[in-house]
Amino acid sequence: MEIENIVANTVYIKARESGGQKKGKSKKWKSYLQFPHYSTCLSLRSEIDVSYGYIIEKQPIGKLLFQQFCEEHVQYHQCWSFLQKVEEYETSDDDGENRRHLAQYIISLLAPSESEEPSSSNDESSNWAHFLPEKVIDNCIKTADDAAHNSEPRSDIFAEAYRHVRNFLAAEPFKEFLNTVYFYRYLQWKWLEKRCVDKHTFRLYRVLGKGGFGEVCACQVRASGKMYALKKLEKKRVKKRHAETLTLNEKQILQRINSPFVVSLAYAYETKDALCLVLTLMNGGDLKFHLYNLSPGGFDEKRAQFYAAEITLGLQHLHKERILYRDLKPENILLDDYGHVRISDLGLAVELKDNEPIKGRVGTVGYMAPEIIKNEKYSYGVDWWGLGCLIYEMIDGKAPFRQRKEKVKREEVERRVREDQEKYSEKFSDAARTLCRGLLHKEPSFRLGCRKIGRPEDGAEELRAHPFFHTGDPITGREPVPWKKMEAGKLTPPFCPDPRAVYAKDVLDIEQFSTVKGIRL
Ligand code: ADP
Ligand code: MG
Ligand code: MG
């Protein structure tokens, strides 16, 4: 290994380890993190989203502050605890003692046991859920009771009660919250977040990958020590390819999306030469690196299933927001420290206004759906095609319509995509084969994920029900992927990256040899 690469890796690994601790923080930058006086921030109120659904349910800081607010008030506190317990219940293991205990505990919150002194039942603490219709409580008790006796407790027993309690908190209590110091603290955080950043805010580390318009490298906020990835889009190159609207688009879509399965945008700024996107750092590398450098021949089916499931959830989120992704391929799927994956690179993503199909030949050769190649109108189905290609590649160790490093003209690849039936080796189980077949249906209206007409996010539901997403344990039988648990980030990934390793090519190789080919804009 070149000495330059060793140095670059060592410095990067050190920064990663110190990230968030004292070591990575710069004294000089300390004042940068100080809160301004709250009165400075009050004007922000009119500029930001002040709904319960956003602040409390989408912003971790908001959630924490609201919890602290609730803790000061007996009734609110009990409502809050109830919501937390139900969430824990819904994402806990589908069977097992733990879940039954949780159910019992939640029931005891709803209906304090009758043996208690009658006098205590009128005080605030046992009457916290007075707004809940009797019927709803009875229903919970009954279904929980049934479940405890004959089968596995269902995950949605408390859904209705949850809705009532949530709506209670979102009304008066939330209004009260908006006039407390807790909310002012939230505004202070938002103020810090909104402040200008520029290249001096960050320390730069080694390059991690190369894209069409520039490099991606690791970086660290000087003031806090937190690590990110910095994606540079060089203005010169953007101009040369007339991609100004596309790059702006990438930023705008990224800042709208907030999903654990899609890379998040933390900051954006520009320099004289480049637009810079500061993104979630994905230390585990991209799937292309894993597939071709570390696990040649493909992943085992469990691992492929896990990634496919998380990517399906990412696509579902994008489609729900009316975003078409259009660039699924292994190098755009990245692993984090724990081995969870996220979709990255929204450079080709586009919003479908009113869900109307669109036209435009964009994508990467070998992954574009037949309807794109034929220059027809297309919709969310092109992403399900892309997922089909990706799952195929994860299992077989090569893409369905093109051998790796095969010297073949673009026209030939496109002919294969339009006309040839892909072949399935013995690496595919029955379920994997039918899934890929379904996703790689040349006619979009018959394709898996496109056959139900309804909301855009329903496509993912069709996939989620496919036998491929059942865990095939021959003894306990086949059980579906625990989707709720996966959405809550509670599943342990099948492969965990080594914290001391760098999952990227050597720095010199990236700089000198990689060019990105085959992408159409
Ligand atoms: P392009 O839009 O030009 O294809 P990408 O956003 O896909 O650029 O980035 C190129 C490569 O850089 C990726 O394939 C990946 O290896 C690396 N990379 C991109 N984003 C990150 C990130 N957030 N964390 C770690 N590596 C990244
Ligand atoms: Mg890319
Ligand atoms: Mg891109």
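655 is the number of the first residue of the sequence shown in the numbering used here; add one for each residue after it.
Every residue, glycine too, gets a C-beta built ideally from N, C-alpha and C.
Between I907 and I987, the C-beta gap is not smaller than 7 Å, which leaves the two residues out of contact.
Residue side-chain check: D1074 keeps its Cβ at 6 Å or more from all non-hydrogen atoms of ligand 3. Check the Cα spacing between G1040 and each of K1031, Y836, V1019, E888: the tightest is with V1019. Distance from the C-beta of N912 to the nearest heavy atom of ligand 1 is not below 6 Å. Between K1096 and the set I657, H1120, I1026, V1004, the nearest pair of CA atoms involves I1026. Taking C-alpha positions only, A872 is separated from D991 by approximately 14 Å. Around the C-beta of E1080, fewer than 16 other C-beta atoms lie within 10 Å, and the residue is accordingly described as exposed. Pairing L884 with C850 gives a Cβ-Cβ distance that is not under 7 Å. If you draw a straight line from the Cα of P1151 to the Cα of Q758, it is about 38 Å long. With a 10 Å radius around the Cβ and a threshold of 16 neighbouring Cβ atoms, E1141 comes out buried.
Listed as beta-bridge partners of F831 by DSSP are no residues whatsoever. The shortest CA-to-CA distance from H731 to any of R808, F831, S685, L1000 is the one to F831. For A1085, the three-state secondary structure derived from DSSP is helix. For the pair V870 and L1162, the Cα-to-Cα distance works out to about 14 Å.
Taking a contact to require three or more Cβ pairs closer than 8 Å, the stretch 889-898 and the stretch 1106-1122 do not qualify as touching. Contact between the stretch 936-947 and the stretch 1096-1108 is absent: fewer than three C-beta pairs spanning the two stretches fall below 8 Å. Sequence-distant Cβ neighbours of E725 in its own chain, meaning closer than 6 Å and more than five residues away, are H731. Annotated as distal: Y859 and Y686, with beta-carbon spacing of 7 Å or more. Remark: C-beta atoms of P1134 and F1123 approach each other more closely than 7 Å.
If you compare the alpha carbons of E847, R910, K886, G879 with that of G865, the shortest gap goes to K886.
Annotation: the continuous alpha helix (DSSP H) that includes Q729 extends over 728-744.
The three-state secondary structure of A920, taken from DSSP, is strand.
For ligand 1, a non-hydrogen atom lies closer than 6 Å to the CB of D999. CA-CA distance, T934 to Y1078, rounds to 36 Å. Taking a 10 Å sphere around the C-beta of N663, we find 16 or more other C-beta atoms and assign the residue as buried. Across the structure, S809 and E985 are spaced so that their CA atoms are roughly 36 Å apart.
In the assembly as shown, S697 is an exposed residue. Its beta-carbon has fewer than 16 other beta-carbons within 10 Å. With a cut-off of 6 Å, the C-beta of G865 is classified as near ligand 2, since at least one heavy atom of the ligand falls inside that distance.
Judged by DSSP secondary structure, A872 falls within the beta strand (DSSP E) whose first and last residues are 869-875. For V917, the closest alpha carbon among the candidates E955, T966, S998, K1052 is that of S998. Taking the Cβ of E985 as the reference point, at least one heavy atom of ligand 1 falls within a distance shorter than 6 Å. Under the DSSP assignment, L933 falls in the beta strand (DSSP E) whose first and last residues are 928-934.
With contacts defined as CB atoms closer than 7 Å, V790 and A815 qualify as a contacting pair. Between the alpha carbons of E924 and V875 lies a distance of about 16 Å. Taking all protein chains in view, the Cβ of K983 is crowded by 16 or more other Cβ atoms within 10 Å, so the residue is classified as buried. Per the coordinates, the alpha-carbon of G1042 lies some 42 Å from the alpha-carbon of W843.
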